[in-house]
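To convert, take the position in the sequence shown, counting from 1, and add 74; that gives our numbering.
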Amino acid sequence: MRRCVALILPLAVLALAGCQDWQSALHPRGPEARHLDDLFWLFTWILTAIWVAVMVAVALAVFSRSRRRTVHPDEPLATNERAERRYTGVVWTLVSATGAVVIGLSILSYASQQRLFGHKGEGVNIRITGHQWWWEIRYEDPRPDRIVTTANEFTVPVGQPITLKLTSDDVIHSFWVPSVMGKQDLIPGRENLITFTVDKPGIYRGQCAEYCGLQHAHMGMLLHVVSREEFDAWQQAQLQDAAAPDTEERRQGQELFQKKPCVMCHQIRGTQAGSRVGPELTHLASRRYLAAGTVPMSRGNLAAWIVDPHGIKPGVNMPLIKLEPDELNAISAYLEGLK
Ligand code: CUA
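Here you go:
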C-alpha cells in the first residue's frame with residue numbers, strides 16, 4: 075500500500091503540474107479569471123483565519139475547564155454579574171463580527187458578478203448551443219457568408235473581448251473554461267451572456283460544469299487562443315467549403331458518407347450533407363479531439379468512433395451504422411482529409 079502511494083503521489087503531482095496551463099482556475103490567463111482567482115484566495119484566507127480563531131477558542135475552552143470555579147461553592151446557581159456582563163459583551167462582539175464578515179464577503183461576491191457578466195463592448199461574438207453531449211459553436215456576423223460554424227473546439231484572438239451567447243437545445247449545461255472565465259449556464263429557451271478576455275495565447279480546456287446526463291463528464295471543449303492575424307487566417311480557412319477528396323479511397327468515402335445515414339445528421343459544406351442535428355464536420359480533421367474532447371483525433375479513433383460510438387461514449391445519440399470493413403476504411407479516410 076505504502077509503495078503504491080509512493081509511486082502514485084509523484085505521478086499525481088506531475089500530472090497536476092502539467093495541468094496548469096491547460097485547465098485550471100488557479101492559473102488564470104485573463105483579467106476575469108484573475109479577478110475570480112483573487113476573490114477565491116481572499117475568501118480562503120479570511121475563512122482560514124476564522125477557522126483557526128475558532129479552533130483556538132475551542133481549545134482554550136476545553137483545556138481551561140479544570141480551572142473554572144463556581145462563585146459560591148454552597149450556592150451553585152449564584153452568578154457573578156461582572157463576569158456575565160463581560161460574556162454578553164464578548165458574544166455580541168462576535169455576533170456582529172460574523173455578520174460584518176458575511177455581509178462584506180457577499181458584497182465582494184456581488185461586485186465580482188457585476189464585473190464578470192457586464193458587457194465590455196464590441197469584440198468577437200460567438201453563439202454556443204449545448205447539446206447532449208457536444209457544443210455547437212457559431213461565430214455571429216452581420217454578413218451571412220462570414221458566419222463560421224463548428225463544434226467543440228473554437229479559436230479566439232488574444233487580448234480582445236469575447237462575448238459568448240449561451241443557450242441549450244435540450245437540458246441545462248454549464249460552460250466553463252476555468253483558465254479564462256467563470257461558469258455560465260446554458261438554459262433551454264434563454265440566452266445567457268458571458269464576456270472574457272484572454273491575455274496569453276495557448277490552448278485551454280473547458281468542461282461542461284452542470285450534470286446533464288450519462289456523458290456529462292465527456293462534454294469537453296478546447297479553446298485555442300491565437301494572435302489576431304492567426305485568428306483571421308483560421309476564420310478564413312473555416313469559411314471555405316470542405317476539401318475535395320484527393321485519393322480514390324477518400325472519393326469513395328465521400329460517396330458512402332452521402333449514401334449512408336451519416337448524411338441525416340451532419341453537415342459537410344460543399345457536399346450534399348447539410349443536416350445540423352449532429353456536429354458540423356466540414357473541417358473536422360482540423361480539430362484536436364473527437365466526440366467533445368473524448369479521444370484524440372486520428373484515423374484509428376475516427377474508425378473506432380464510427381464503428382462503435384457507444385463503446386467510447388455510452389448513451390450518445392450517434393447511432394450504430396452497419397458498415398463493411400472497406401466502407402469503414404473509406405469513410406474514415408475521407409473524414410481524416412477534412413482539414
Ligand atoms: Cu453538459 Cu454536463
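From the three backbone atoms N, C-alpha and C, an ideal C-beta is built for every residue, glycine too.
Opposing strand residues paired with residue i [DSSP bridges]
i      : result
Ile236 : Val198 and Phe270
Phe249 : Gln258
Ser242 : Gly204 and Pro262
Phe228 : Leu297
Gly213 : Reading off the sequence shown, one finds Tyr at residue 213, where the question assumed Gly. Paired residue(s): Ile200 and Val222.
Val394 : This sequence places Leu at residue 394; Val is not what is there. Partner(s): none; Leu394 has no beta bridge.
Val363 : Correcting the residue identity first, residue 363 is Tyr in this sequence and not Val. Per DSSP, Pro370.
Which listed residue (the options) has its alpha carbon closest to that of residue i
i      : options                           : result
Ala107 : Pro252, Val230, Lys387 and Trp379 : Pro252
His205 : Gln332, His292, Ala318 and Phe114 : His292
Val254 : Trp166, Asp306 and His109         : His109
Arg302 : Gly294, Arg279 and Pro275         : Pro275
Gln187 : Lys257, Ala135 and Gly287         : Lys257
Trp96  : Thr271, His298, Trp379 and Pro319 : His298
Tyr285 : Arg279, Gly294 and Ile277         : Gly294
Arg103 : Arg217, Ala185, Ile277 and Trp308 : Ile277
Pro411 : Gly348, Gln326 and Leu113         : The residue asked about is misnamed: residue 411 is Gly in this sequence, not Pro. The candidate whose alpha carbon is nearest that of Gly411 is Gln326.
Thr122 : Val175, Ala99, Arg156 and Ala152  : Val175
Ile181 : Ala133, Thr118 and Leu113         : Leu113
Gln289 : Glu323, Leu358, Gly348 and Gly367 : Gly367
Gln281 : Leu358, Arg201 and Phe249         : Phe249
Ser98  : Trp166, Arg279 and Val272         : Arg279
Asn266 : Trp207, Arg201, Glu210 and Gly385 : Arg201
Gly192 : Pro218, Phe270 and Ser349         : Phe270
Glu322 : Arg361, Asp400, Ala378 and Pro388 : Asp400
His384 : Ala365, Ser372, Met371 and Val245 : Ala365
Gly352 : Glu149, Arg159 and Glu210         : Glu210
Pro335 : Ser349, Trp308 and Lys413         : Ser349
Glu354 : Pro388, Asp320, Ile386 and Ala316 : Ala316
Leu409 : Lys387, Asp306, Asp320 and Ile386 : Asp320
His357 : Trp207, Asp382 and Arg343         : Arg343
Ala359 : Lys413, Thr345 and Leu100         : Lys413
Pro105 : Val169, Ser183 and Arg189         : Arg189
Ile124 : Val165, Ala171 and Gly163         : Ala171
Glu196 : Gly233, Thr118 and Arg361         : Gly233
Leu168 : Glu149, Phe137 and Val128         : Val128
Thr118 : Leu100, Ala135, Phe228 and Ala133 : Leu100
Arg373 : Asp306, Arg324 and Tyr161         : Arg324
Asn199 : Val300, Thr229 and Leu179         : Thr229
Ser183 : Val130, Thr237, Asp111 and Phe137 : Asp111
Val245 : Leu116, Trp208 and Arg362         : Trp208
Contact test: residue i Cβ vs ligand 3 heavy atom, cutoff 7 Å
i      : result
Arg159 : Of the ligands this structure carries, namely ligand 1, none is ligand 3.
- Item | Any heavy atom of ligand 1 within less than 6 Å of residue CB: hits in chain order | Those residues are Gly204, Trp207, His247, Cys282, Glu284, Tyr285, Cys286, His290 and Met293, given in chain order.
- Query: Do the stretch 257–267 and the stretch 237–244 meet, that is, are 3 or more Cβ pairs less than 8 Å apart?
  - Reply: With the cut-off at 8 Å, the stretch 257–267 and the stretch 237–244 touch.
- Curious, which full-length alpha helix (DSSP H) runs of at least 4 residues does the stretch 272–347 contain? As far as the stretch 272–347 is concerned, its whole alpha helix (DSSP H) runs of at least 4 residues are 302–313 and 322–333.
- Is it true that the stretch 305–314 meets the stretch 220–227, where meeting means three or more beta-carbon pairs spaced less than 8 Å apart? With a cut-off of 8 Å, the stretch 220–227 and the stretch 305–314 count as touching, because enough Cβ pairs lie within range.
- Message: Taking contact to mean 3 or more Cβ pairs, one atom from each stretch, closer than 8 Å, check whether the stretch 392–399 and the stretch 334–344 are in contact.
- Response: Between the stretch 392–399 and the stretch 334–344 there are three or more C-beta pairs closer than 8 Å, enough to call the two in contact.
- Message: Does the structure place the stretch 404–411 close enough to the stretch 320–330 that three or more beta carbon pairs sit under 8 Å?
- Response: Under the three-pair Cβ rule at 8 Å, the stretch 320–330 counts as touching the stretch 404–411.
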